[in-house]
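A short worksheet on the structure shown next.
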Amino acid sequence: MAKFNEAVYRQNGVERVINVDDIVKQSSYVDVVEHLYCPGKGCHAKLVFNRKSNGTNYLSKHKGYEHDTKCPYFSDSEIVPRAETEYIEEDGALSDDGINRRKKQAQSELMSFLNPQTKTKKATPGDKPKARNKTVGNGEKNIVIQLRYDPNADGVENNNNLKVREPAFYNRLPQQISELDSFKNLKTSARILAVDVSEQDNFCTILGELGSTKIKFIFPEAFFANTSSVVSSQLSSFFETLSQFVKNVDTELYITTLCQTREVDMTNLQVYVYTSNFLSFQTRRNTYNSLDAIAIAISRNSVL
Ligand SMILES: [Zn+2]
Numbered sequence: 100m101a102k103f104n105e106a107v108y109r110q111n112g113v114e115r116v117i118n119v120d121d122i123v124k125q126s127s128y129v130d131v132v133e134h135l136y137c138p139g140k141g142c143h144a145k146l147v148f149n150r151k152s153n154g155t156n157y158l159s160k161h162k163g164y165e166h167d168t169k170c171p172y173f174s175d176s177e178i179v180p181r182a183e184t185e186y187i188e189e190d191g192a193l194s195d196d197g198i199n200r201r202k203k204q205a206q207s208e209l210m211s212f213l214n215p216q217t218k219t220k221k222a223t224p225g226d227k228p229k230a231r232n233k234t235v236g237n238g239e240k241n242i243v244i245q246l247r248y249d250p251n252a253d254g255v256e257n258n259n260n261l262k263v264r265e266p267a268f269y270n271r272l273p274q275q276i277s278e279l280d281s282f283k284n285l286k287t288s289a290r291i292l293a294v295d296v297s298e299q300d301n302f303c304t305i306l307g308e309l310g311s312t313k314i315k316f317i318f319p320e321a322f323f324a325n326t327s328s329v330v331s332s333q334l335s336s337f338f339e340t341l342s343q344f345v346k347n348v349d350t351e352l353y354i355t356t357l358c359q360t361r362e363v364d365m366t367n368l369q370v371y372v373y374t375s376n377f378l379s380f381q382t383r384r385n386t387y388n389s390l391d392a393i394a395i396a397i398s399r400n401s402v403l
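Just so we're aligned, residue 100 is where the sequence shown starts under my numbering, counting upward by one.
Here you go:
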């Protein structure tokens with residue numbers, strides 16, 4: 100498929116070429132992404148701006164448009180027949196395997212950021228389902244359960260062994276988060292600067308920073324209520340342990356977690372964590388896959 104490094108923005112007689120990496124920086128990006136066209140001379144094929152789960156951006160041709168026959172990208176347009184897939188939407192929690200796989204991806208993103216020169220093993224790319232059925236043209240219909248993440252729901256009941264497609268959690272280091280990430284599931288990391296625990300209300304916030312970008316992780320009451328394995332008072336005391344550690348010990352400690360955004364305010368980045376098994380912690384040397392794991396390591400003075 101054609102790779103477009105740039106697109107023509109064309110609207111109300113205005114026409115200019117924009118590089119793909121500059122699109123998110125446009126002050127009026129909502130308008131800009133609606134009016135992007137193929138850079139081929141005289142071509143009016145519309146382009147779609149896409150963001151990959153690792154934060155990189157790319158452009159693709161809108162399926163409803165074709166290149167002009169004289170367009171240099173014309174030969175690249177190909178019609179790929181797809182099997183018809185029916186998606187059934189269901190609310191549900193993520194599977195433990197799904198959570199752990201996503202945490203590993205996020206942990207390796209942070210390690211690549213902290214050690215850009217050493218090639219850390221790339222996590223399996225993105226959250227794209229690999230199980231997309233390739234049977235084509237025989238009129239068969241795939242039925243896939245498309246899971247909408249709901250922290251309150253149980254796992255999906257799947258009596259008919261249907262494929263379950265769990266929702267994407269996009270890799271976004273704090274400096275990659277933009278307004279485009281409003282109301283999304285994300286995976287992110289930051290160095291912990293302070294932990295603020297309010298014991299009466301079952302509420303906690305962690306202030307973090309990566310590069311020069313500050314970000315606040317919010318653990319609302321639901322975070323404490325959703326936890327079945329550990330009682331909520333233990334969660335508070337684990338956060339308290341973490342708080343003391345960050346205040347008193349000079350070791351760099353990072354939080355890496357799955358989370359959700361509300362409307363993103365670039366002057367006050369906040370993400371929400373609703374489930375304790377979304378959490379993990381990292382130092383430059385070690386990974387702690389849960390809040391209790393880091394709290395226990397702290398109490399044993401074994402965090403390196
Ligand atoms: Zn074209």
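Heads up, the beta-carbon is just placed ideally off N, CA and C, and yes, glycines get one too.
Close Cβ partners of residue i (< 8 Å) along its chain, the five nearest in sequence each way excluded
i: G197; result: E265
i: R115; result: V107 and Y108
i: G141; result: D167, K169 and C170
i: N367; result: K315
Residue of the options minimising C-alpha distance to residue i
i: R150; options: C303, I122 and T356; result: I122
i: D120; options: C142, L158, F212 and G139; result: L158
i: E133; options: A394, N153 and V107; result: V107
i: L378; options: F338, L368, T350 and V363; result: F338
i: T382; options: Y164, V243, F103 and A396; result: A396
i: G154; options: L279, S127 and L292; result: L279
i: Q274; options: S401, N118, D364 and N301; result: D364
i: S332; options: F302, G191 and I317; result: F302
i: T350; options: F380, A321, S336 and E188; result: F380
i: R290; options: M210, D190, D130 and H143; result: M210
i: N400; options: P250, P215 and V348; result: V348
Proximity below 9 Å, CB of residue i to CB of residue j
i: Q204; j: N156; result: no
i: N241; j: Q359; result: no
i: G307; j: Y353; result: yes
i: L357; j: L390; result: no
i: G139; j: K169; result: yes
i: T304; j: K315; result: yes
i: V263; j: V243; result: yes
i: K286; j: K202; result: yes
Residue i beta carbon near ligand 1 (any heavy atom closer than 8 Å)
i: C142; result: yes
i: Y157; result: no
i: H134; result: no
i: I161; result: Before going further, note that residue 161 is His rather than Ile in the sequence given. The answer is no for H161.
i: F173; result: yes
i: G139; result: yes
i: D190; result: no
i: C358; result: no
i: D167; result: yes
i: C170; result: yes
Contacting residues, own chain, Cβ-Cβ under 7 Å from residue i (five flanking each side not counted)
i: G112; result: none
i: Y248; result: L193, P266 and N284
i: N104; result: N118 and V119
i: F323; result: N301, S331 and L334
i: Y128; result: I122
i: I178; result: Reliability fails at I178, whose pLDDT of 47 lies under 50, so the model's placement of it is uncertain and the value that follows must be treated cautiously. Cβ within range, chain order: n/a, list empty.
i: L407; result: Look at the range of the chain in this structure, 100 to 403, and you will see that residue 407 is not part of it.
i: Q216; result: none
Contacting residues, own chain, Cβ-Cβ under 6 Å from residue i (five flanking each side not counted)
i: R200; result: none
i: F344; result: I397
i: E208; result: N270
i: I393; result: F380 and Y387
Nearest-angstrom Cβ-Cβ length linking residue i and residue j, presumed shorter than 8 Å
i: L334; j: S375; result: 6 Å
i: S288; j: T355; result: 4 Å
i: Q369; j: I317; result: 6 Å
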